[in-house]
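**Q** Pasting a structure below so you can have a look.
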Amino acid sequence: MATMTSCLGVMTGAFLVAILSQKLLLSRWEKYIYNFVLKVELAKAQKYHAANIIQYGWKSWRLTGMGMQQSIEYVNTQRKLFEEVSTMQQIKQGQRALANNVIGLAELMIAH
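Here is the structure:
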């Protein structure tokens, strides 16, 4: 009796997971919209961080021209510049990953 109850519980759980996963799947158009929103967010972040790279690069160049390579301000500016460059690389990597996920099996079938 206990084994039948446990088997019934496992099957009920499996059916529940299957039904919920079907409900949570996005349609093709919802995926397009979701990808579009993600692209817009990444583009906005890219513009923001590109402006910061220019700002910190200019400040670093100005401090170098003033002969302040040993100052704390110069070191902090360099650190922020390198952090922004790293963040920009991560954003570009995210954009490439997003571009790779756009083409699915349905799009490949339509193309041929």
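If you count the sequence shown from 1, position 78 lands on 99 in this note's numbering, and the numbers rise without skipping. The C-beta atom is built at its ideal place from N, Cα and C for all residues, glycine as well.
Drop a sphere of 10 angstroms on the beta-carbon of isoleucine 54, count the other beta-carbons inside from all chains shown, and report buried for 16 or more, exposed for fewer.
**A** Exposed: under 16 other Cβ atoms inside 10 Å.
**Q** Need the endpoints of the alpha helix (DSSP H) that leucine 59 sits in, please.
**A** First-last of the alpha helix (DSSP H) with leucine 59: 49-86.
**Q** Could you give the DSSP three-state label for leucine 119: helix, strand or coil?
**A** Helix, per DSSP.
**Q** Does the segment 74-85 come close enough to the segment 24-37 to have 3 or more Cβ pairs within less than 8 Å?
**A** Because the criterion of three Cβ pairs below 8 Å is not met, the segment 74-85 and the segment 24-37 do not touch.
**Q** On a Cα-Cα basis, can you pick out the residue from Ser48, Lys113, Gln76 and Asn122 that is closest to lysine 65?
**A** Measuring from the Cα of lysine 65, the nearest candidate turns out to be Lys113.
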